[in-house]
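The numbers in numbering that gives the first Met the number 0 rise by one with no breaks, and the one at position 63 of the sequence shown is 62. Structure, as structure tokens:
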Amino acid sequence: MRNTIGLRVAVVTLALSVSFTGLAPSYAQTPGSDKRQDRRDDRQDARDTRQTGREDSRDAKAKCKAGDEKSRAECRQDKRNTKQDGRENARDIKKD
0 MRNTIGLRVA VVTLALSVSF TGLAPSYAQT PGSDKRQDRR DDRQDARDTR
50 QTGREDSRDA KAKCKAGDEK SRAECRQDKR NTKQDGRENA RDIKKD
């Protein structure tokens, strides 16, 4: 008697597990994943653009300081303007 009950429980468990696995196929979230990857790429491009702007501003300030035609304040302002241009370009990349 005990063996038949155990056998029945095993058969029912096996039947339920087979039926649940065949109910609905699961799909990957590819549209969402693609959008997230696009945003990641855009953010990375924007970071690279900002970094390039920083490097350019350092170079511009060094050249400005090497020459004697501008004051330190004017060289600082040139650096700020160059960095701001890089930030604006990065914003444009993220908007597209």
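Here a beta-carbon is modelled for each residue, glycine too, at the ideal position from N, C-alpha and C. For clarity, every value in this text was computed on a predicted model and none was experimentally measured.
Do the CB positions of Ala59 and Asp77 come within less than 7 Å of each other?
yes
C-alpha gap between Gly66 and Gly31, whole angstroms
53 Å
Which same chain residues, not among the five before or five after Arg49, have their C-beta less than 7 Å away from its C-beta?
Gly85, Arg86 and Ala89
Is DSSP giving Ser70 helix, strand or coil here?
coil
Which value, in whole angstroms, describes the spacing of the CA atoms of Asp47 and Thr12?
56 Å
Beta-carbon proximity check, Ser56 vs Lys34, cutoff 7 Å
no
Expressed to the nearest angstrom, what Euclidean distance is found between the alpha-carbon atoms of Thr51 and Thr29?
33 Å
Quick one: what's got a C-beta closer than 8 Å to Glu73's C-beta in the same chain, skipping five residues either side?
Cys63
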